[in-house]
Structures are given as C-alpha cells and as structure tokens.
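Chemist: Under the numbering used here, the first residue of the sequence shown is numbered 185, with each subsequent residue one higher.
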Amino acid sequence: MALMRLRTYGYTGIALIVGAELSMVFDLKPLSTWVTPLAWTGYILVVDSVLFRLKGRSLITARSREFLAMLPLSVGFWLVFEWYNTFIRNWHYINLPENLLVRYIGYVWSFATIMPAIFETAELIEELKLFNRLFRKLRVTKVLLYFLAVVGWCFLMAPLLVPLQYARYMAVLVWGGFIFLLDPLNYLLGGDSILRDWENGRLDRLFTLLLAGLVCGVLWEFWNFWAYTKWIYTVPILGDVKIFEMPVVGYLGFPPFAVELFVMYSSARLLKRYVSSRSHVR
C-alpha cells in the first residue's frame, strides 16, 4: 500500500497528472497547452515519492543538489538532439503558444523533465531487481575503446554531411552515436561507464536504462497523443504505422536514448570534477 503513504509532493504529482489528463479529455485551454510539462512534473514527483517509500531515500530528498543540477543539463542535452533534428527533420511541434516568452517557458520546462524522468524510472526498475545477475565479463582494451569512439564520431557526423534526403534516414545514428563516442571516454577518465560495468560482469544498469527508456517513451507518446500542444513525427520508414503519435519503428530509439543520457550525464560529471580540481589548484 505504498501509494497510500506517499510524501506530500507525491500527492501533488498525482494532482498534476490528473489535471493534465482532465485538460486533455475536456480540451481545457490554455491548460491543455501545458500537458507535457504538467504530466511529467507530476510523474517525477510521484515516482520519487514511491522510491522514498520503498528505500527511505530518493533523488529529490537525499540528492536534491544533483536533482536540481539535472534540470538545466536535461535542457542542454535535449537541445543537442533538437539541433540534430534540423538535419534529420524527424519531428516538429504544433499548436505552440503565440507569445514567444510563454513558448520558451514551455520548451524549457518540458525539456527539463526528460532526464530526471528517465533516471527516476530507472531507479524504480532497479528496485525490482530484474537484471541482478552476472554476465560474461568483457575484456576492454584500448583498441576496443578507440574503435568504439571512432564509430560514435562517424555516426554523429554522418547526418551533418549528407543531403536531407539521406539524413532523414539517419536518426538511428543519432540515437546511438553518443553511446559509442562518450562511454569509452568515460571509461578512460574513470567515470561511470557501461563498459566498466560489463568489464565487471554487470549489465544490470544497461538493461535497466534500456527498459526505463522504453517505459518513458510509451508514456511520452501516450500523453503527447492527446495533448493540444504536441510534436508530430515525419519518420520516413513506416511513418503511417503508429502507436499513438509515434511510428512503431521510432520506439526503438527510446531505449538507447536513455543510455545516451546516462553517458552524457557521466561525461558532464567528469567535466565538473575536472573544473573543480583546476579551481583548487589555482
């Protein structure tokens, strides 16, 4: 009965989700314009509260500084993918507020929820202990690390260098490129790394992130489908075969996207550590 004993902000989260749902059902403008940030803020609060109930600690309660730092990082990381979208043209937004200030508040608020939602979901899945088993250890060599980094670099450069008619088919490279590029660097620099996990025979974090990405992806598309202000996909492969607003092939991008956010976040933490060490030297 954990849901009966949520922290106060957990009930606030439920209220936000219910409010977002009602605004969709009854088309309550302007509230229906804000379905995405409202629903996802509510989701984060509910999941965090459930985690506190299960573990006695959570991201918001025990690591509040880390949570707050995630918000601008989440915006920044997603803007990287928005930039790539100017080359691959796989989605666009409709029914945006005419007032630019209101529009950009909506952008920032929505984008800020992306990474916390995935990480909170991953932490909740981790409590289920679905993947707590040892796997065959990977032998990580410098040749492997450099090879993967080069593959990642090629993946990320390809959509930038070809005409739109070809770039539109290269979204898969964007949703995997940062994993191949950054995770080897994180490994070499001593940060959190999927490769290091695998070297130790542990793939629970990888599988947890993949599942968290899929769970969040389904929820993103569910809430987006009914929202007034929303995104529309122009995926060139099986674009008419959809679940909610997303073409079915697009769901394959959500699991690696969660892993990409993890490796990008790990890189950001390494950069912060480096900047802090340099400032102490001075």
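For every residue, glycine included, the Cβ atom is placed at its ideal position computed from N, Cα and C.
Grab me the residues of Pro-281's own chain with a C-beta within less than 7 Å of its C-beta, minus the 5 sequence neighbours each way, in chain order.
Modeler: Result list for Pro-281: Thr-217, Arg-287, Gly-290, in chain order.
Chemist: In terms of residue numbering, what span does the alpha helix (DSSP H) encompassing Ile-278 cover?
Modeler: Careful: Ile-278 lies outside any alpha helix (DSSP H), inside the beta strand (DSSP E) at 275-278.
Chemist: Mind checking who Lys-426 pairs with in its DSSP beta bridge?
Modeler: DSSP, once it has assigned bridges, lists Pro-431 as partnering Lys-426.
Chemist: By DSSP, does Ile-421 sit in helix, in strand, or in coil?
Modeler: Residue state, collapsed to three classes: coil.
Chemist: Just to confirm my understanding: we take Phe-391, look at its own chain, exclude 5 residues before and 5 after, and list those with CB closer than 7 Å. What are they?
Modeler: Once the five neighbours on either side are set aside, the close Cβ partners of Phe-391 are Phe-315.
Chemist: Taking just the CA atoms, how far does Lys-313 sit from Val-292?
Modeler: Those two C-alpha atoms are separated by around 34 Å.
Chemist: With a cut-off of 8 Å on the beta carbons, I'd call Gly-397 and Phe-362 a contact; round off their distance for me.
Modeler: Wrong, their Cβ atoms sit about 13 Å apart, outside the cutoff.
Chemist: Tell me where the alpha helix (DSSP H) around Tyr-268 begins and ends.
Modeler: It spans 248-272 - the alpha helix (DSSP H) in which Tyr-268 sits, taken as one unbroken run.
Chemist: Using the Cα positions of Lys-321 and Ile-378, report the straight-line distance between them to the nearest angstrom.
Modeler: Rounded to whole angstroms, Lys-321 to Ile-378 spans 12 Å at the Cα level.
Chemist: Which parts of the stretch 347-425 are runs of the beta strand (DSSP E), unbroken and 3 residues or longer, counting only runs that do not cross its ends?
Modeler: Those beta strand (DSSP E) runs which fall completely within the stretch 347-425 and span 3+ residues are 414-417.
Chemist: Any contact of the stretch 295-315 with the stretch 254-269, i.e. 3+ C-beta pairs under 8 Å?
Modeler: Judged by Cβ distances under 8 Å, the stretch 295-315 makes contact with the stretch 254-269, as three or more pairs qualify.
Chemist: For Leu-318, name the three-state secondary structure that DSSP assigns.
Modeler: Strand.
Chemist: Excluding sequence positions up to five away, which residues of its chain have a Cβ less than 8 Å from the Cβ of Arg-323?
Modeler: Once the five neighbours on either side are set aside, the close Cβ partners of Arg-323 are Glu-383.
Chemist: Please say whether Asn-279 and Thr-413 have beta carbons closer to each other than 7 Å?
Modeler: Contact: yes.
Chemist: Three or more C-beta pairs closer than 8 Å, one from the stretch 398-406 and one from the stretch 346-363: is that the case here?
Modeler: Not touching, per the Cβ criterion.
Chemist: Suppose the cutoff is 7 Å on Cβ atoms and the five residues either side in sequence are ignored; what does the same chain contact list for Ala-342 look like?
Modeler: Hits under 7 Å: Met-354, Leu-357.
Chemist: Quick check for students: name the residue ranges of the alpha helix (DSSP H) that lie wholly in the stretch 216-250, counting only runs of 4 or more.
Modeler: Taking only runs of at least 4 residues, the alpha helix (DSSP H) segments lying wholly in the stretch 216-250 are 219-239, 243-246.
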